[in-house]
């Protein structure tokens, strides 16, 4: 995986992070709006302006490592036109799916950039932009995969919660603090980074397989 914590990588990391969280949260808000809940839109979260989504602490964390976060998306399931539980899952699934689609896009752009710019792979401009594109791939991949974990307060928890019965939802709600503690442990200890480092090569193989189809 790419190096973090180095000052020279700060701009590419910030660039990739802003793209990842902006489109992630805009996807949440857009799907919620389509399904009947205007709460996020009314709170100006259906926006491509990164400032609408930034959390100060979450942004600061990007300076020190691969983890960061945005402000929570407000969702009111009672405002969905129908299938409230399924609609909730669809809203929260939209974010990580958007990030994984962006992974494919930036991966494609990384390899086709020389042709698009009309230069060779040794071009300084191409080389500099490829650094940014590398971080766009890795950051979007991490955001997408992390948010699929069924742990509170990640998207995966809400996705899973919307697909199970009401009694099981109550069970999840009772244990969400434990899930939150686990998420914090994964973030503040090397365990989470080790897990992502181990998962990354397999994710790359899947991406390459998709391009070979």
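Numbering (this note's numbering), first residue to last: 370 to 582.
Backbone N, C-alpha and C define an ideal beta-carbon position, used for all residues, glycine too.
Comparing alpha-carbon positions, the option among 457, 466, 408 and 407 lying closest to residue 390 turns out to be 466. Taking 7 Å as the cut-off, the Cβ atoms of residue 552 and residue 506 do not count as close.
The alpha carbon of residue 455 has as its nearest neighbour, out of 442, 554, 423 and 400, the alpha carbon of 400. According to the DSSP secondary-structure assignment, residue 423 is paired through a beta bridge with 439.
For the pair of segments examined, the stretch 440-456 was found to touch the stretch 525-538: the number of CB pairs separated by less than 8 Å reaches three.
Here residue 527 has 461 as same chain residues with Cβ atoms under 6 Å from its own Cβ, once five neighbours each way along the sequence are excluded. For residue 411, the enclosing alpha helix (DSSP H) covers residues 408-411. Nearest in C-alpha terms to residue 519, of all of 509, 392 and 548, is 548. Taking a cut-off of 8 Å on C-beta distances, the stretch 468-485 does not touch the stretch 412-421, as fewer than three cross pairs fall below it. Classified as exposed, residue 494 has fewer than 16 neighbouring CB atoms from the shown chains inside 10 Å of its CB.
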